[in-house]
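Enquirer:
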Amino acid sequence: MDYVLKTNAICKKYHGSKALDNLTMNVPKGAIYGLVGKNGAGKTTLIRLICGLQEPTSGEYSIYGRKNTKKDIIKSRRRMGAVVETPAIYMDMNAEDNLKQQCLILGVPTYDSIPDILKLVGLENTGKKKARNFSLGMKQRLGIAVALVGNPDFLVLDEPINGLDPQGIIEIRELILKLNREHQITVLISSHILDELSRLATHYGFIDSGRMIKEISAEELANICRKCIHIEVTDVKVLARVLDENKIPYDILSEREANIYGKINLTQLVFSLNKEGCEIISSHEQDESLENYFINLIGGGQNG
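Mapped onto the numbering used here, the consecutive letters of the sequence shown carry residue numbers 103 to 406.
(1) Just grab the DSSP bridge partners of S292 for me.
(2) When you compare the CB positions of V185 and D260, do they come within less than 8 Å of one another, or not?
(3) CA-CA distance, I315 and T188?
(4) With DSSP collapsed to three states, give me the class of Q370.
(5) Are there three or more Cβ pairs, one per stretch, closer than 8 Å when the stretch 383-399 is compared with the stretch 330-340?
(6) Suppose you measure from the CA of V106 to the CA of G144; what does that come to, to the nearest Å?
(7) Return yes when the Cβ of E273 is within less than 8 Å of the Cβ of G239, no when it is not.
(8) Which class does I331 belong to by DSSP, given the choice of helix, strand or coil?
(9) In angstroms with no decimal places, state the Cα-to-Cα distance between N398 and K349.
(10) Just mark Q404 as buried or exposed, buried being the case when its beta carbon has 16 or more other beta carbons within 10 Å.
(11) State the start and end residues of the unbroken alpha helix (DSSP H) segment that holds H285.
(12) Mark D194 as exposed unless 16 or more other C-beta atoms lie within 10 angstroms of its C-beta, in which case mark it buried.
(13) Just list the residues that DSSP pairs S178 with in beta bridges.
(14) Could you spell out the range, first to last residue, of the beta strand (DSSP E) harbouring K365?
(15) Among the residues of its own chain, which have a CB less than 6 Å from the CB of L290, if the five just before and after it don't count?
(16) How many Å lie between G406 and C153 at the Cα?
(17) With respect to the beta strand (DSSP E) encompassing Y105, which residues constitute its N-terminal and C-terminal limits?
(18) Hey, quick one: how far does the alpha helix (DSSP H) through R243 stretch, first residue to last?
(19) Report buried or exposed for R180, applying the criterion of at least 16 other Cβ atoms within 10 angstroms of its Cβ.
(20) Do the stretch 154-171 and the stretch 108-125 meet, that is, are 3 or more Cβ pairs less than 8 Å apart?
(21) Terminal residues of the continuous alpha helix (DSSP H) containing R150?
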């Protein structure tokens, strides 16, 4: 598998305190990688490091195979666009002039790409309207437009839907999906709105106290979090035998409890178990959300 970003045991200390603690992560090419962690977990610190705004205290990372310690890392960073913390836009300029200014900063020789970028983010008809008069969602989309100047194929977004109303969230979601699917842009996105992140991400990295707790694909997570019937019985061995005979998938959780996956005829199951001298004590449908998975993974607390 090709990786756009790889970090190896990155540490970042501030006044003796570790913001990042031997963090290792891998962002596959073509992914929408969701970075999940509580407030203060180290998400923004990590993003600032890979964008070159700060240097790690120890450890290393590579972008498109170039290590951060090499002088030519700048070549890899030219393939990146980023919105870190707040959109980097000039409030007294209109959308077009903001993009022209970014072209000048990056040394992009022409403004030819600007109309297409504005259309892509849905700001092609804002005319002379200054950014200060944009809605929060429009400002966020303008920030992404600025990040797209120079035609990057790796986009880093720090809390892009924070504070947006439902319509603004939908617009940003659709934009990110379009950039990924139609323009083949790899996206690293941090967000505390986990339900929304679950609609986007193809891969996840869960961090806590500056450490990577787990990396997992959306497909693997879906299998873990899939709907099931949680059942408690008097004899789980009998339950397992009956389920095996009917080729119904399940997981044994304890001597009395199991999760049953797929559709089952509960009446038929009760009848089959009774014939074997096993009774159902309780049963209920269960569907673990991304938020519940995260909370259970780190042992509770508020996500952010």
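Just so you know, even glycine gets a beta-carbon here, dropped at the ideal spot from N, CA and C. Fair warning: this is a prediction, and the values are worked out from it, not measured in the lab.
Expert: The structure says:
(1) L137 and D260
(2) yes
(3) 27 Å
(4) helix
(5) yes
(6) 20 Å
(7) yes
(8) strand
(9) 30 Å
(10) For Q404, the pLDDT reaches just 42, beneath the cut-off of 50, and the residue's location in the model is therefore unreliable, leaving the point undetermined.
(11) P268 to H285
(12) exposed
(13) Paired residues: none, contrary to the question.
(14) No beta strand (DSSP E) holds K365; DSSP gives it neither H nor E.
(15) V129, Y135 and V258
(16) The pLDDT assigned to G406 is 38, lower than 50, so where the model puts this residue is not dependable, and the model offers no usable value.
(17) Y105 to Y116
(18) L238 to L250
(19) exposed
(20) yes
(21) K145 to I152
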